[in-house]
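Going by my numbering, the first residue of the first sequence is number 2, and it counts up by one from there.
Structure record follows, encoded as structure tokens.
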Amino acid sequence: MRIATWNVNSVKQRAPRLLDWLDQRQPDVVCLQETKLADDAFIALLGDELAARRYELAVHGQASWNGVAILSRVGLADVVRGFPGEPGFPQVEARAVTATCDGVRITSVYVPNGRDPESDHYRYKLEWLAGLRDSLRGRPAATVVCGDLNVAPTDDDVFDPASFAGHTHVTEPERAALVELQALGLRDVMRERWPDERVFTFWDYRAGMFHKDLGMRIDLLLASDAVADRVAATWVDRQARKGTGPSDHAPVIMDLDDAPDGDIGPVVPPPSAPAPRRGRTSPPR
DNA sequence: ATGCCTGAAGGGTTCAGA
Numbered sequence: 002m003r004i005a006t007w008n009v010n011s012v013k014q015r016a017p018r019l020l021d022w023l024d025q026r027q028p029d030v031v032c033l034q035e036t037k038l039a040d041d042a043f044i045a046l047l048g049d050e051l052a053a054r055r056y057e058l059a060v061h062g063q064a065s066w067n068g069v070a071i072l073s074r075v076g077l078a079d080v081v082r083g084f085p086g087e088p089g090f091p092q093v094e095a096r097a098v099t100a101t102c103d104g105v106r107i108t109s110v111y112v113p114n115g116r117d118p119e120s121d122h123y124r125y126k127l128e129w130l131a132g133l134r135d136s137l138r139g140r141p142a143a144t145v146v147c148g149d150l151n152v153a154p155t156d157d158d159v160f161d162p163a164s165f166a167g168h169t170h171v172t173e174p175e176r177a178a179l180v181e182l183q184a185l186g187l188r189d190v191m192r193e194r195w196p197d198e199r200v201f202t203f204w205d206y207r208a209g210m211f212h213k214d215l216g217m218r219i220d221l222l223l224a225s226d227a228v229a230d231r232v233a234a235t236w237v238d239r240q241a242r243k244g245t246g247p248s249d250h251a252p253v254i255m256d257l258d259d260a261p262d263g264d265i266g267p268v269v270p271p272p273s274a275p276a277p278r279r280g281r282t283s284p285p286r
């Protein structure tokens with residue numbers, strides 16, 4: 002199963018590229034963020050095209066800002082929009098949607114930006130992350146939380162830590178909130194797979210930042226053991242950031258081996274053979 | 001350049017994004 006997350010920065014503006022990308026990458030589940038469309042407008046825009054590609058759709062949008070969605074062609078059950086106790090600013094926004102796809106409970110999140118560490122929006126961001134964590138305390142064994150976390154987990158996840166000093170996305174409270182979320186047993190599979198690589202998922206539109214590879218890694222795939230132990234490959238799809246009219250974020254993709262369900266029998270490694278190296282299907286950049 | 005692009009709403013510009 003191939004699961005991807007992508008902040009598309011307006012699904013209306015990105016529709017042609019999104020459809021081409023679906024055809025090219027053939028993901029089974031896609032978590033979208035910053036769709037910036039109300040649900041009826043999203044369905045009117047893409048419902049037919051997605052149905053033709055066998056995707057079911059869970060949308061949780063609003064006009065102009067925010068908006069998340071899950072597309073799945075491996076089933077889409079028990080959809081929940083938002084989460085219990087979700088904070089607002091001041092109204093609750095469209096920032097989380099959850100569904101079960103082929104046995105995995107998947108949440109697509111668009112974490113508040115935070116704007117400035119002294120702002121109300123920053124406090125909202127921390128409250129939102131804490132609320133998300135609390136809502137996941139009783140999570141199923143097979144859980145994925147993915148999307149635009151709007152936090153760079155470490156200084157290795159920004160192109161120049163010094164230039165971010167005092168700004169959002171890198172402050173200690175934000176990183177601590179992410180650590181607390183991961184303390185539910187959610188692993189950053191991208192960083193596990195590429196522990197020492199320069200890996201970014203967002204590059205500012207301005208000043209040739211993408212061309213110079215001056216970015217941040219803020220789009221994450223967080224997976225519980227039951228999922229993370231199945232990861233065969235994971236990478237950032239930088240191709241989707243190139244060319245004309247891209248989002249400022251690139252998709253992050255992971256491929257999962259089939260779940261052990263008894264039908265395939267016990268997996269016995271060949272005697273004295275080294276464990277196979279996990280699939281390096283693509284360089285990280 | 002302390003917002004260098006981009007998207008959206010709404011109105012001839014401003015806000016938001018990270």
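Where is the CB? At the ideal position from N, CA and C, for every residue including glycine.
The criterion of a C-beta distance shorter than 8 Å is not satisfied by Leu179 and Pro141. Cβ-Cβ separation between Ile71 and Val93: approximately 18 Å, too far for a contact (criterion under 8 Å). With contacts defined as CB atoms closer than 8 Å, Asp214 and Asp249 fail to qualify as a contacting pair. Excluding the 5 residues flanking it on each side, Val12 has same chain C-beta neighbours closer than 6 Å at Thr36, Leu38, in chain order.
Annotation for Asp79: the continuous beta strand (DSSP E) segment containing it runs 78-82. Taking the C-beta atoms as reference points, Gly246 is found nearer than 8 Å to Gln14. Residue environment analysis places Pro261 among the exposed positions, since fewer than 16 neighbouring C-beta atoms fall within 10 angstroms of its C-beta. Rounded to whole angstroms, the gap between the alpha carbons of Leu221 and Val200 is 11 Å.
The residues Lys37, in chain order, have a CB closer than 7 Å to that of Ser65 in the same chain once the five nearest residues on each side in sequence are set aside. Going by C-alpha positions, Val30 is about 33 Å away from His168.
Straight-line spacing of the CA atoms in Pro17 and Trp7 works out to 15 Å. Contact check between the segment 182-195 and the segment 103-123: fewer than three CB pairs, one atom from each, fall below 8 Å, which does not count as touching. Inter-residue distance for Arg82 and His170 is about 25 Å (C-alpha atoms, whole angstroms). With a 10 Å radius around the Cβ and a threshold of 16 neighbouring Cβ atoms, Glu119 comes out exposed. Under the criterion of beta carbons closer than 8 Å, Ala241 and Trp22 qualify as touching, at roughly 6 Å. Runs of the beta strand (DSSP E) lying entirely within the segment 18-76, each at least 3 residues long, are 30-34, 57-61, 69-73 in chain order. Approximately 5 Å separates the beta-carbon atoms of Ala233 and Asp258; this is inside 8 Å, confirming the contact.
DSSP assignment within the segment 114-139 yields no whole beta strand (DSSP E) run of 3 residues or more. Under the criterion of beta carbons closer than 8 Å, Gly68 and Ala45 do not qualify as touching, at roughly 14 Å. Val80 and Thr101 have their C-alpha atoms roughly 7 Å apart. Scanning Phe90, Asp121, Phe203 for the CA closest to the CA of Val237 turns up Phe203. Within 10 angstroms of the beta-carbon of Asp103 lie 16 or more other beta-carbons, which makes it buried.
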